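This report refers to the structure that appears directly beneath it.
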Amino acid sequence: MSNYIIVQKRGYVELWIDGKFAGNFDTQEEAQAEVNAA
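For the record, in the sequence shown the residue sitting at position 7 is 12 according to the numbering used here, with numbers rising by one throughout.
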């Protein structure tokens with residue numbers, strides 16, 4: 006299982022997996038779905 010962080014920003018969230026930037030998402034749910042797919 007990867008170590009991930011979801012950072013709440015104004016109007017979007019950032020996803021970081023294992024210390025690497027993995028993308029911007031509109032919602033935390035979208036970011037979580039990306040983590041689950043990885």
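For every residue, glycine included, the Cβ atom is placed at its ideal position computed from N, Cα and C.
Please read all numbers here as calculations on a predicted model, not as lab measurements.
Annotation: the continuous beta strand (DSSP E) that includes residue 27 extends over 25-30. For residue 18, same chain residues with a beta-carbon under 6 Å away, outside a window of 5 residues either side, are 11, 30, 33, 36 in chain order.
For residue 16 and residue 28, the gap between their C-alpha atoms comes out near 14 Å.
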